[in-house]
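Engineer: Please see the structure below; I have some questions.
Number of protein chains: 2
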Amino acid sequence: MSEVLLDREAAQRYASWFRALADPTRVQIAELLARRREPMSVGQIVAAVGTAQSTVSHHLKILAEVRFVLVEPDGNANLYRINENCLTCFPTAADVVMGRPVAAPGEVPC
Amino acid sequence: MSEVLLDREAAQRYASWFRALADPTRVQIAELLARRREPMSVGQIVAAVGTAQSTVSHHLKILAEVRFVLVEPDGNANLYRINENCLTCFPTAADVVMGRPVAAPGEVPC
DNA sequence: ATCGTGTATCGTCGATTAGCGATGATGTTG
DNA sequence: CAACATCATCGCTAATCGACGATACACGAT
Numbered sequence: 001m002s003e004v005l006l007d008r009e010a011a012q013r014y015a016s017w018f019r020a021l022a023d024p025t026r027v028q029i030a031e032l033l034a035r036r037r038e039p040m041s042v043g044q045i046v047a048a049v050g051t052a053q054s055t056v057s058h059h060l061k062i063l064a065e066v067r068f069v070l071v072e073p074d075g076n077a078n079l080y081r082i083n084e085n086c087l088t089c090f091p092t093a094a095d096v097v098m099g100r101p102v103a104a105p106g107e108v109p110c
Numbered sequence: 111m112s113e114v115l116l117d118r119e120a121a122q123r124y125a126s127w128f129r130a131l132a133d134p135t136r137v138q139i140a141e142l143l144a145r146r147r148e149p150m151s152v153g154q155i156v157a158a159v160g161t162a163q164s165t166v167s168h169h170l171k172i173l174a175e176v177r178f179v180l181v182e183p184d185g186n187a188n189l190y191r192i193n194e195n196c197l198t199c200f201p202t203a204a205d206v207v208m209g210r211p212v213a214a215p216g217e218v219p220c
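Keeping their order, the protein sequence lines are chains A and B. When we follow my numbering, the leftmost residue of the first sequence carries the number 1, and every step to the right adds one. When we follow my numbering, the leftmost residue of the second sequence carries the number 111, and every step to the right adds one.
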């Protein structure tokens, strides 16, 4: 019984989410995609954040690996958009780490 | 004038918070301290997480640098406790990055 | 087929990180 | 005083990271 600690598996999942946002450029990209809910091309994001194209592509890959953003090929340009599930499920993770009891214990929507 | 992007300063502050929780051991420590709202000694935390004492001390330093946890010397043992401000202010950061409009624009409690 | 555009990937650099044992600093207790 | 307990700090290693330019790939248009 006495589970004094968050189980390692959940801790690792949450840590991977936080690590995906552990860089200011990725925070800007995520916030940009989250506010503008429509898909954006890499070129648009590059123009917005002002770092090199290869670097932005790298950051988008990291954000996509944890499924914060979703990729959708559109002809030549690839489009990235925020994963709507994360809009609620990521702040919930922050709540859990801060000791807030999670409302529905059955879920893992992401 | 159309600020399409979260300003770099805020992005860096949020990224530093997320980076502090970008490790599963630190997630466990933070969640442990957040649930048990009372101060804990390093030895107690070491016993709970099961990694080396020097490693736990290192993680606590990282958590203290962003003021997620507060230090309080108590005789021989040093006591660590969660920063109560972060209980609300960190989930709020997660909301902001996920595009939620921040309620009170006057802020920065941490 | 050839060009041009838009992205992803590669290779590399310097910097940072998690982890550990060993050592050092500081305060408590006999 | 001397022994002890508690914790921080010091190397050290292996791994990861952010950033960039250069290159490769995929596709629409000519």
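For glycine and all other residues, C-beta sits at the position ideal for the given N, C-alpha and C.
1. Is it a yes or a no for the stretch 85-103 of chain A touching the stretch 190-205 of chain B, going by three-plus beta-carbon pairs under 8 Å?
2. Look at A:V66 and A:A10 and say whether their C-beta atoms are less than 8 Å apart.
3. Under 8 Å, Cβ to Cβ, is there at least one residue of chain A near B:M150?
4. May I ask you to report which of helix, strand or coil DSSP gives B:A162?
5. Considering only C-alpha positions, which residue in the set B:R123, B:N188, B:P149 and B:V166 is nearest to B:E194?
6. In whole angstroms, what separates the C-alpha of A:F68 from that of B:P183?
7. Between the C-alpha atoms of A:L33 and A:Y80, what's the straight-line distance to the nearest angstrom?
8. Find out if the Cβ-Cβ distance for the pair A:V42, A:L60 is shorter than 8 Å.
9. So, using beta-carbon positions, are B:E141 and A:L6 closer together than 8 Å?
10. Have a look at A:L63 and B:G185 and give me their C-alpha separation to the nearest angstrom.
11. According to DSSP, simplified to helix, strand and coil, what is A:L70?
12. Confirm, please, whether the CB-CB distance from B:P134 to A:A15 is below 8 Å.
13. Among the candidates A:V71, A:I82, A:I29 and A:R8, whose CA atom is the shortest distance from the CA of B:R118?
14. Where do the N-terminal and C-terminal ends of the beta strand (DSSP E) with B:A187 fall, by residue?
15. Report back the beta-carbon spacing between A:I45 and A:V27 to the nearest angstrom; my notes put them in contact at under 8 Å.
16. Would B:G209 count as contacting chain A if we go by Cβ distances under 8 Å?
17. Please list, in chain order, all residues of the same chain as A:T51 whose beta carbon is under 7 Å from its beta carbon, the five residues on each side excluded.
Structural biologist: Here's the rundown:
1. yes
2. no
3. No, because no Cβ of chain A sits closer than 8 Å to the Cβ of B:M150.
4. coil
5. B:P149
6. The alpha-carbon separation between A:F68 and B:P183 amounts to approximately 40 Å.
7. Roughly 8 Å separates the two Cα atoms.
8. yes
9. yes
10. Rounded to whole angstroms, A:L63 to B:G185 spans 45 Å at the Cα level.
11. In the displayed model, A:L70 falls within a strand according to three-state DSSP.
12. yes
13. Taking B:R118 as reference, the option from A:V71, A:I82, A:I29 and A:R8 with the minimal CA-CA separation is A:I29.
14. A187 to I192
15. The Cβ separation is near 13 Å, so there is no contact.
16. It does: the Cβ of B:G209 has a partner Cβ on chain A nearer than 8 Å.
17. T25
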